[in-house]
Amino acid sequence: LVRKKHVLSRLQDALAWQALPVVQLLAPDERVCVHLIGTLFGMLHTVEDSGALDLLVEVLVRLVVELKSEQYLRCILNESQKELCKATMRSSLPTFTLLGKLADAIPGFADLLVVEHSNLVDHLLVGLVYPNEGIKAAVCYLYGKLYSSSVGTERLSAHFEERLGSLFLNTLGCAQTKELQVNCLGLLKELLKSDHFVSILMNNSKTEEETENPDFLEGENPLPLVLKKLLLTRDEMLQAASSHCMAAVLVHSPSRYAPAFIHADVPEFLFECLLCKNEILIWSVYCCLLLLTEERLFFSKCHTVYGIESLVRSLQDVLQMNNVELHKQGLLLFTEILKRQPAEIKLFTNRGVCIEAIDVLMETVNCPVLEVSAEAVRAVASFLRKDHLSSPPVPYEELQKLLEAILKRCADLSPPQSSKRHAGDLLFSVSQSHPANRNPGRVPQRQGPFLLNTLESFRNACRLAVEFQGDFMAQENAFTAPNSESKDTLSNFSEFLLRICDSLCIPMVLSYLERAVSLSVLEVFISTLDLLFTVVPHMRNKFSKKLASSSFIQLTLELKARFCSVQSNPVLNQTCSSFLCNLCLNLYSAIEKRRTSQEGKSGEREKFIQQEMSELLQKGLPQLNYTIAESLLLLSETPEPFSLDQSLCSHQHCFTLLLYFAYTLGDRFVPDAELFLAMRNFLLSAQDRGDCPPPHILRAALYLLAVCQDKGKALDLRSLCTIRRILDNLPDLSSVYVHCPLLLKFFLRYPELMGRFGHQVLQLWFSWEDSKQTEPEEPDFGMSDQLNSGSPLLAILKSNSSILLILLDLVCSSSEEVAWKVLMTLRTFLEINEDVLVCDLLRSRFLQILQQLLVESSSATLQANRNLPVLLSLLFLVQLRSKGMRELDSTDFKLLHQVSNLCGKCRPRDTGLLQPSLNFLYWSLHQTTPCSQQRAVAVLLSNVSLLELLQKVLECTWLRSPPSGPAYLSSEDALLCSGWLLFASLLLYQHRYNTEVHQTLSLDLTEVLNAVIFRNKKPILLLVSIMQFLRVALRQNFSSSLLVMVGQNTEQGATQPQPSSLQDAALHPLATQQVFLLVVSLQNLLVHKDLLLSQAVVACLETLVEYL
């Protein structure tokens, strides 16, 4: 035996290293070769040593391979036939082993065996039932080689169906040794390549009802149970082979074969196999499970619920491996499970697993390999479903991070933007977006699908937020500690979606659309924007305004015209139409909300109009697929007489509304001159056919006419008459009013419109004027640059002063609120326009208004009327505008009488009323001729209540506590200044004209002097006013019938003070000490660098010297 093994070893080396000389030596003589082969073959059955047998088999295979002649193959087959016929099955193992090795080494050997020596196959069946697993393993190996060839598969098909099938399954099911199990699985792998054999192995002859019955699995080791048994082993190679065979079965028809594996609970064990580190096993299981997801039973039997944790943990482990294909396959399986999981069966019953899943998705989204990241984004799109995330508390913060990572990952794929682009900037690229007009090299091919999946993920997140709005448990974090605020709320998540869409999503999509136009991207993008309107309901109006101001109305119209004409792309058309409809309704709701709150009316009518507008837009927008130029022409068309088709009218109204909402937000995408002409023709056409547009359409048309007026020609008489007739038919002009300076200017520009509607329009203007203060962050609709500074009415007033008469009528006929706004506007107008001569026009009207206000207000409600101070200020401003001295007429004296009576009804603290009133009285005394002046003084001095009030006001000079801060002129100080100046004037002119006095004023001289001597931070103007009084009193030697000076030493009941010395008696009512103090104080005041104060001090010193 040793010598034989030595010779075999040497022969093996010679064939391995010097095959050519050996072949050249043997090949010429066939008898030698046949004898050598026969000798070696005979030794197979005489030698029992396993090592020698292995050498013999290897030498024989190598020798036959090197000789390259079918003669020797037939020789071996003949000898094998003889040996198997005469020998016992126990000694047939070497023969089966040799045949298997030859079939493996020589490609045509299996065909030769099946075609010319088919009777050998019968011996294989015998070997398969022999109770020796070594023989069974060799037979299975040889069978595997026979069925690996197409000839063998065809010739042995009936053999398998009739004899081998059940025997093979039994052998596989009962195999104990790994060698037999591996060889059986190898044969099974070859058999599973044929659909016919798969059908036989899976007992497909049974009906579908029987296959759905789990009882059919009981029997003679059906294939699912056999493969399941292999999964239960601890051998990862067998597990991988088993799962691979399952996948090979399922790939033929998942719907036919998956139920058998599912009823056998195979998925449960497949998921268990994922908890390993073997990449081949994991790949095989992923493939098998992926095929099982195509069968609904896989989900209804809750296998996914059982295995989702194993899958997530597997993905966590797989991501640590450097196998990109394995990453992609695992994510693909995860995506399919997430997508196909029935909504009624909750997938994530454990919040911890859900968080782990988000972590896995986050890690894969940030993967540098684009294919892995793209698959992760698809998984996120399927993950963002309410039934996947409905277990409270919902992990909103984790979802925010995940979405932000996806959007940033997608943004990284696009080239950097030079600047932030407007949606309107895309219109040229959209109009030129035909494939023939684009350079494919400029389009980032890899970003398109990634962007599409990113948008789908974001859209699903928005849909998730909307669905959670109706779920109370999902709105707040149920596990938040008491007295603490949680950021993990639906409200924060929804606002995040809106914020990141504005800052990242929209710019990214617009950047992509600059280089390529994808209909699928556009459809998802527009539908996402449409969905965002309901994500944060309280911000939808602001979001709609931002979209409209960013040219999205223009963009969507261009998309519809470019891609949706001639009934093409119906999905995109419907999406764009729905978006435009909701955008317009939101903008209308924002306007009407403001209108309703301003007018204080019920919103029922607005709801009806909104419903009518919604029906119009839903019906008309899908058919409005024209270019901008075509739509403008459409506005000028007139339908055929007696035509029942309302589509033209519907299209005109829809396009008018779209233009209106775009223009109110500054998106002026149509040339103003063309739009002005189109809207004019639209109104003329409507009037010609006897059709009056609904108020909301008419409002839009008038607004567009107004904003385009500056670029268009003036309306002719026919157009103005048409507009007037249409407006005359309206029950209320407010239904077509828009609070816009340009609309106000439009109505006041044409006398035909101003005369008929000016009063109503101005009243509406002032009714709305302060509503903008409720929303300071939002600009007024249609506010142009030239009218945006200050009140826009001021510029109109300067060019057309006849409007002042309408404003004065409004003061009389409108509410107190509107009247106050009118008066404030007039005051501002007079303050900034000194060259406007409107005194005579306004004075008589002011008297009428003042009389009306005084009649309507009692003395108790005077102080509550805020219009009176404004009116009195206006009266004083009108007085200041009068140039030169003039005679006072009856109107002036009536005004003087009314104002003086009004002052008598006031209290000293009513500074708002008294300040302009005293100024008016003071100026009336100084701005007239001596004759009128004498009469005016008599009127004022006859008013006892006025003089009593004046004394109270003057006494407040020393009764008020001194200010703690710098000497600023407060409203109380200003009133004191006016009081002292008016009293000084009355004192002067009473003395000059010797007017009769009905009431004297008494002042404490000591307090008056102390007010100048001990200034106590008094304002300069107040000091000047008091010194003006002192000058008048000194010139009159303190002797006046209007004034009684009371000294500090005057006793109660005494009529004159008692001087303390001869000097005091000579200076009476002054005291020497007071004169010295006054002189020193006036000298000190000269130090101040104030011209007015210095002039007053010098004049006072001069008068004092004269007195002394």
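Be aware that the sequence shown starts at 541, since it is given in the numbering used here, and climbs by one per residue.
Ideal placement from N, C-alpha and C gives every residue a C-beta, glycine not left out.
query, result
"Beta-carbon gap between ILE1066 and THR1115 smaller than 8 Å", "yes"
"Test item: CB-CB of MET1219 and LEU1245 under 8 Å", "yes"
"Residues near ILE1553 by beta carbon distance below 7 Å, same chain, minus five either side", "LEU1617, LEU1618 and SER1621"
"Own chain residues within Cβ distance below 8 Å of LEU992, not counting five before or after", "SER1058, SER1060, VAL1061 and VAL1064"
"Stretch-stretch touch, CB-based, cutoff 8 Å, three pairs: the stretch 601 to 621 with the stretch 641 to 652", "yes"
"Nearest to LYS1558 (by Cα), restricted to the options ARG1500, TRP1463 and VAL1418", "ARG1500"
"The stretch 1260 to 1270 contacting the stretch 1288 to 1301, beta-carbon criterion three pairs below 8 Å", "yes"
"Status (buried if at least 16 other CB within 10 Å, exposed otherwise) for PHE1012", "exposed"
"The stretch 1409 to 1424 / the stretch 1479 to 1488 touching (three or more Cβ pairs under 8 Å)", "no"
"6 Å Cβ shell around ASN723 - same chain, five flanking residues per side excluded", "ALA677, CYS680 and TYR681"
"Whole-angstrom distance between LEU1509 and LYS1629, CA atom to CA atom", "17 Å"
"Sequence-distant residues of the same chain with beta carbon closer than 7 Å to VAL893, five excluded per side", "ILE848, GLU849 and VAL852"
"Same chain, Cβ closer than 7 Å to LYS841, five either side skipped, listed in chain order", "ILE802"
"For ASP553: DSSP bridge partner residues", "Bridge partners of ASP553: none, in fact."
"Euclidean distance between Cα positions of GLN1192 and ASN1165", "12 Å"
"Residue(s) in a DSSP beta bridge with LEU1442", "In DSSP, LEU1442 forms no bridge with anything."
"Test item: CB-CB of LEU1545 and VAL1586 under 8 Å", "yes"
"GLN779 to VAL825 span [Cα, whole Å]", "9 Å"
"Contact set for VAL1484: own chain, Cβ-Cβ below 6 Å, skip 5 residues either direction", "HIS1538 and GLN1539"
"Three-state class that DSSP yields for LEU548 in the structure shown", "helix"
"Segment contact flag, the stretch 1227 to 1234 with the stretch 1295 to 1305, C-beta cutoff 8 Å, min 3 pairs", "no"
"Status (buried if at least 16 other CB within 10 Å, exposed otherwise) for LEU1465", "buried"
"Minimum C-alpha distance to CYS1248 - residue among PHE1286, GLU1054 and ALA951", "PHE1286"
"Reference LEU1215; option with closest CA among ILE1168, LEU1257 and LEU1188", "ILE1168"
"Coil, strand or helix - THR1196 by DSSP", "helix"
"Identified DSSP bridge partners for ARG1426", "THR1468"
"Nearest to SER739 (by Cα), restricted to the options ASP775, VAL934 and ALA798", "ALA798"
"Spatial distance of TRP557 from GLU606 (CA atoms)", "12 Å"
"C-alpha distance - LEU995 paired with ASN743, whole-angstrom precision", "46 Å"
"Bridge partner(s) assigned by DSSP for ASP644", "In DSSP, ASP644 forms no bridge with anything."
"DSSP-derived helix/strand/coil call for GLN972", "Below a pLDDT of 50, predicted positions are generally treated as unreliable, and GLN972, at 45, falls in that range; no measurement from the model is reported."
"Rounded straight-line distance, which links the Cα of PHE700 to that of HIS792", "19 Å"
"Cβ-based burial, GLU1309 [other Cβ within 10 Å; buried from 16]", "buried"
"CB contact flag (PHE809, LEU772, <8 Å)", "yes"
"Residue burial classification, GLN716 (beta-carbon count within 10 angstroms, cutoff 16)", "exposed"
"For THR1582, three-class secondary structure by DSSP", "The sequence shown places Leu at residue 1582, not Thr. Coil."
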